[in-house]
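Have a look at the structure below, then the notes.
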DNA sequence: CTCATATAGTTCTATATAGAACTTGTTGAC
DNA sequence: GTCAACAAGTTCTATATAGAACTATATGAG
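Protein chains in written order, with my numbering: chain B, 1 to 246; chain Y, 1001 to 1246.
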């Protein structure tokens, strides 16, 4: 699937109801990075003036995006980008035996950054083989919890290889947004089980063939294009995943 | 926590907005089993007449329940109980190598039904130790996939031990609803990995200590009381779990 | 029986309006 | 400087209304 430049604005589908057209328009403006994490979106009144729609319709459009998890409304203040709760969630899956019982985000260390040709399966997901690969290790040095391999399309993340190491915090998604204008809106995790390969075992300090949990994640922007694929692996005994069904 | 009889109607909190009071009222009526899976709830017009509220407010109350996954609206037809998609989801986690690739629900066999005292942890969740225990095996006889142990509070499920075996289909939640007026509205799964105990290994035809995926589930009614706890275990190599984050 | 048409009932979209509830910044009293 | 009061701006609740879109049933023609 070809990647459009973000400048090409998709035309709204006139057959759709007005509130959905407005929803789409707002979503693309969000994806384009028009508003930062702490700047309010236009108010209901401003949007009614801009669009000529009624407040009710504008509210419905915004509410749709809130339900989809993209926006967040604060009464009396405004409408903002929602802070993504799943930033730390990949980590949350591993029970960290911190003494205080807090859900601390342990240190993470990027151990490699290179431009590389993505494997076919990854290239298919990301839409290109021209990629950047990050390798990351998480956990204390005496208790390594997660070995990660992260693939990004080079077109969107050019310059991340040369970026100063101090710019990398424990979480990547804020960096994506601030430095590369890429706003992660949703993700899909695939959890499975596998024996540790020699390489992974060495990294995590496990025996080869030791049981590990594997998490494969694909992350998407608002418009549904995949912009990150990663595979993470950690010791199975420490793994614990909670999921709410409804 | 003491279990109320379903006859005691909780009073609506007057401090709450009207649409939330109506939401709560409808939720308790649903939990009470007032409407079956295929009978429509009262229409918007009927509800406005009953309550004296405006259509907009009534719509908002219903929409809230739709967002919570409890109801389902069909334009031109009516509002209905939502068919629970996670009935089969516990099973979906195991990749079934059926030739056609279909997500078939394999046969399930109840191998034991007894009244029993629940372990402390389970009793705490269910609010009582006076329970019924079901043991179930799923999968073909040549490829057993899941060994389940299910705990139910006896007060709500009295008679399930004596129930004719033919009444048990492959899914339990429809049975809960139709026979015992218990409508499962949400659930929480906890996934982890563990070595197979001697007993589980024997049941599944695995070697003792073989890696298995463990799913612990607590299921809730609309009002948030836990009415089922189960632990399921299956071979780790066959396990695959998909989760959507947003 | 089969098919098209009408009809009543339902949800869905959209507008207009009013005031309540809440947040944020400013102004003024002390 | 500190605190209270005010004011402007925002989202939230609630009502009222109109017509469109869709579904299910009944009716009638052939």
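By construction, the Cβ of each residue, glycine as well, lies at the ideal position given by its N, Cα and C atoms.
At least one CB of chain Y closer than 8 Å to the CB of residue 224 of chain B: is that the case? Not closer than 8 Å to any Cβ of chain Y, the Cβ of residue 224 of chain B fails to qualify, so no.
Contact set between residue 24 of chain B and chain Y, taken where Cβ atoms lie within less than 7 Å: Residues of chain Y whose Cβ lies closer than 7 Å to the Cβ of residue 24 of chain B do not exist, since the nearest Cβ in that chain is about 17 Å away.
Express the C-alpha separation of residue 182 of chain B and residue 1227 of chain Y in angstroms, rounding to a whole number. Answer to the nearest angstrom: the Cα atoms are 43 Å apart.
For residue 23 of chain B, the nearest candidate out of B:59, B:33, B:38 (CA to CA): Residue B:59 is the option with its Cα nearest to residue 23 of chain B.
According to DSSP, residue 186 of chain B sits in a beta bridge with which residue or residues? Residue 186 of chain B is bridged to B:220.
By alpha-carbon positions, which one of B:206, B:219, B:156, B:134 ends up nearest to residue 234 of chain B? Per the Cα distances, B:206.
Looking at residue 246 of chain B and residue 1069 of chain Y, is the spacing between their C-beta atoms short of 8 Å? Contact flag set, yes.
So if DSSP puts residue 241 of chain B in a beta bridge, which residue, or which two residues, is it bridged to? According to DSSP, residue pairing for residue 241 of chain B in a beta bridge involves Y:1191.
Please state the DSSP three-state secondary structure of residue 44 of chain B. Helix.
Using a Cβ-Cβ cut-off of 6 Å (strictly less than) and excluding sequence neighbours within five positions of residue 236 of chain B, which residues of its own chain qualify? Hits under 6 Å: 211, 212, 213.
With H, G and I counted as helix, E and B as strand and the rest as coil, what does DSSP make of residue 1178 of chain Y? Residue state, collapsed to three classes: helix.
Just to confirm my understanding: we take residue 1057 of chain Y, look at its own chain, exclude 5 residues before and 5 after, and list those with CB closer than 6 Å. What are they? Listed in chain order, the non-local C-beta contacts of residue 1057 of chain Y below 6 Å within the same chain comprise 1018, 1019, local neighbours out to five positions each way being set aside.
Going by the beta-carbon positions, is the gap between residue 1030 of chain Y and residue 1222 of chain Y smaller than 8 Å? Contact flag set, yes.
Any 3 or more C-beta pairs closer than 8 Å across the region 1031–1051 of chain Y and the region 1067–1081 of chain Y: A contact between stretches requires three or more CB pairs, one per stretch, nearer than 8 Å, and the region 1031–1051 of chain Y meets this requirement with the region 1067–1081 of chain Y.
Given that a residue counts as buried once 16 or more other Cβ atoms are within 10 Å of its Cβ, and exposed if not, what is residue 1119 of chain Y? With fewer than 16 other CB atoms across the displayed protein chains lying within 10 angstroms of its CB, residue 1119 of chain Y is exposed.
Does DSSP put residue 247 of chain B in a helix, a strand or coil? Outside the shown range of chain B (1 to 246) lies residue 247 of chain B, about which nothing can therefore be said.
Below 8 Å on the Cβ atoms is my contact criterion, and I expect residue 1188 of chain Y with residue 244 of chain B to pass it. Report the Cβ-Cβ distance as a whole number of Å. For residue 1188 of chain Y against residue 244 of chain B, the beta-carbon gap comes to about 6 Å, under 8 Å, which counts as contact.
Ordered along the chain, which non-local residues of its own chain (more than five positions away) have a Cβ less than 6 Å from that of residue 1100 of chain Y? Bear in mind that the predicted position of residue 1100 of chain Y carries a pLDDT of just 45, short of 50, making it unreliable; the figure below should be weighed with that in mind. For residue 1100 of chain Y, where only same-chain residues beyond five positions count, there are no Cβ hits under 6 Å.
Rounded to the nearest angstrom, what separates residue 1156 of chain Y and residue 108 of chain B at their Cα positions? For the pair residue 1156 of chain Y and residue 108 of chain B, the Cα-to-Cα distance works out to about 49 Å.
First through last residue of the beta strand (DSSP E) which encompasses residue 25 of chain B: Annotation: residue 25 of chain B is outside any beta strand (DSSP E); the continuous alpha helix (DSSP H) that includes it extends over 18–31.
Does residue 1192 of chain Y come within less than 8 Å of chain B when only Cβ atoms are used? Closer than 8 Å: yes.
Measure from the alpha carbon of residue 1028 of chain Y to the alpha carbon of each residue in Y:1232, Y:1225, Y:1231, then state which is nearest. Closest by alpha carbon: Y:1225.
Any idea if residue 1138 of chain Y is buried or exposed, counting beta-carbon neighbours within 10 angstroms, 16 or more meaning buried? With 16 or more Cβ atoms within 10 Å of its Cβ, residue 1138 of chain Y is classed as buried.
Does the beta-carbon of residue 147 of chain B have 16 or more other beta-carbons within 10 angstroms, so that it is buried, or is it exposed? By the neighbour-count definition (other C-beta atoms within 10 Å, threshold 16), residue 147 of chain B is a buried residue.
Would you check if the distance between the CB atom of residue 1136 of chain Y and the CB atom of residue 1110 of chain Y is smaller than 8 Å? Cβ atoms of residue 1136 of chain Y and residue 1110 of chain Y: closer than 8 Å.
Run the CB neighbour count on residue 1046 of chain Y, radius 10 Å, all protein chains shown included, and call it buried at 16 or more, exposed below. Here residue 1046 of chain Y is exposed. Its C-beta has fewer than 16 other C-beta atoms within 10 Å.
Closest Cβ-Cβ distance between residue 1034 of chain Y and chain B: below 8 Å? No, its Cβ sits nowhere closer than 8 Å to a Cβ of chain B.
Same chain, Cβ closer than 7 Å to residue 1082 of chain Y, neighbours up to 5 away in sequence not counted: For residue 1082 of chain Y, the CB contacts under 7 Å within the same chain, skipping 5 residues up- and downstream, are 1069, 1070, 1071, 1072 in chain order.
Bridge partner(s) assigned by DSSP for residue 215 of chain B: Residue 215 of chain B is bridged to B:191, B:232.
Residue 1016 of chain Y, buried or exposed, once every other Cβ within 10 Å from all chains shown has been counted against 16: With fewer than 16 other Cβ atoms within 10 Å, it is exposed.
Could you pull out every residue in the same chain whose Cβ sits closer than 7 Å to the Cβ of residue 61 of chain B, ignoring the five residues on either side in sequence? Closer than 7 Å at Cβ, skipping near neighbours: 19, 22, 23, 26.
Using a Cβ-Cβ cut-off of less than 8 Å, give me the residues of the region 1210–1239 of chain Y that come near chain B, in sequence order. Cβ contacts with chain B: 1211, 1213, 1236, 1237, 1239.
Measure the alpha-carbon distance for residue 144 of chain B versus residue 1180 of chain Y and round it to whole angstroms. One Cα belongs to residue 144 of chain B, the other to residue 1180 of chain Y, and the distance between them is close to 49 Å.
What residues match up with residue 80 of chain B in a beta bridge as DSSP calls it? B:72.
Is residue 1231 of chain Y near residue 1149 of chain Y, with beta carbons less than 8 Å apart? Between residue 1231 of chain Y and residue 1149 of chain Y, the C-beta gap is smaller than 8 Å, which places the two residues in contact.
The alpha helix (DSSP H) with residue 63 of chain B in it runs from where to where? For residue 63 of chain B, the uninterrupted alpha helix (DSSP H) segment begins and ends at 55–67.
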